[in-house]
Every structure is written in C-alpha cells, then in structure tokens.
Amino acid sequence: MSPVSITIVTGDLLAEGLLVEHPELALQLPRHPVPLGINYAGYQTIGIKLLDYEVQAVLTDLALNSVARTTVALTSNSPEPVVEAARRARPSDRSPARRDPVDGVGLGLAGQIDCERGVYVESYCAGWQGVALGGQLYVACLLQYYGLINV
Numbered sequence: 519m520s521p522v523s524i525t526i527v528t529g530d531l532l533a534e535g536l537l538v539e540h541p542e543l544a545l546q547l548p549r550h551p552v553p554l555g556i557n558y559a560g561y562q563t564i565g566i567k568l569l570d571y572e573v574q575a576v577l578t579d580l581a582l583n584s585v586a587r588t589t590v591a592l593t594s595n596s597p598e599p600v601v602e603a604a605r606r607a608r609p610s611d612r613s614p615a616r617r618d619p620v621d622g623v624g625l626g627l628a629g630q631i632d633c634e635r636g637v638y639v640e641s642y643c644a645g646w647q648g649v650a651l652g653g654q655l656y657v658a659c660l661l662q663y664y665g666l667i668n669v
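One gets my numbering by counting positions in the sequence shown from 1 and adding 518 to each.
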C-alpha cells in the first residue's frame, strides 16, 4: 500500500475507534510518526452459555479479556433466564468514549434458527419451539437488532 492509502485507512480506523494513537511512544524527531495500537477496550461483546442448571454471561473486550461475568439460575425451560443474564452482564455505565454499551451479543445454542426473524424454530438442547429470542437479547443489551447468525 502507498503511504497515502495507509493514511486514509488508518484515519478511518481511528475515527471508528478501532485504533488509538500512542504519542508517548513516538520518537522525538521532526515529523515523527505516531505509533498506533488496537483499542481493545473500545469494543465489548456479551457471550452467553446455556447449561442444564444455569446461564452464564461474560462481557469481554476486543482482546477477549473478561470485563464482567454473571450467572443466572435456570429455573425453567423458558428463555427469560437467558435474557436476564444478558441484561446483568451489560455494562451499567455509558462511557463517553463508547458509542454503545455493548457491540454485540452471542448465544451458542444448537437448533434450527430463522435468522431473519430472530426466532429459534427449534432448539433441541433447550426444548424451545418458535422462541423469538434474538430481539429480546438485543433489547436487553440496548442494541440495534439486525438478526441472528446461524453458524
């Protein structure tokens, strides 16, 4: 890539908050380059694990460091404990440096999923049929809902 292309790309990444400048690491020369680094704390996601007896939710940063963790007892076969775990793992403060409290939420659960509607058509492990969990999770995490991803 040319220096101009690199400047354009890094400018966009800085504007998005994915990169941060480290002027304290720069060499003290005229026209010195400013080192860049990844803004690991700038993006956070919630990962949810559904077990037989509880739901675990972990808030992680971009480096996959655990920022917060919570568990909710699984008292029924309903999706409410999953939504509650996601809500509890969500950061309560809205830092001025962050656009949204959470950038994404993920739930690993086997089954048949209608991604566009955000519906678990059938979840074999949880015993769910026709559960519209996608939108509920995103509302609990204060996110814009774009749909489920079937991986």
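Virtual Cβ for every residue (Gly too), placed ideally from N, Cα, C.
Small disclaimer: the values here were computed from a predicted structure and weren't measured.
Excluding the 5 residues flanking it on each side, G565 has same chain C-beta neighbours closer than 6 Å at V576 and G624, in chain order. Taking the Cα positions, R608 is about 23 Å away from N595. Counting only residues of its own chain and dropping the five nearest sequence neighbours on each side, P597 has a CB closer than 6 Å to the CB of V649 and L651. By the neighbour-count definition (other C-beta atoms within 10 Å, threshold 16), G555 is an exposed residue.
Ranked by Cα distance from A604, the first of L582, T578, V639 and G629 is T578. The Cβ-Cβ distance between D621 and Q574 does not fall below 8 Å.
Counting every other CB atom within 10 Å of its CB across the protein chains shown gives S641 a total of 16 or more, marking it as buried. Selection E602, A581 and L580 evaluated against T589 yields E602 as nearest (Cα-Cα). The beta-carbon separation of A586 and Y558, rounded to 15 Å, does not stay under the 8 Å limit for a contact.
Around the beta carbon of A533, a 10 Å sphere encloses fewer than 16 other beta carbons of the protein chains shown; the residue is thus reported as exposed. Around the CB of A591, fewer than 16 other CB atoms lie within 10 Å, so the residue is classed as exposed.
Buried is the label assigned to I631, since at least 16 other Cβ atoms lie within 10 Å of its Cβ. L537 is a Cβ neighbour of T528, given a cutoff of 8 Å.
Excluding the 5 residues flanking it on each side, K567 has same chain C-beta neighbours closer than 6 Å at Q574, in chain order. Closest in alpha carbon position to R635, among M519, A628 and Y656, is Y656.
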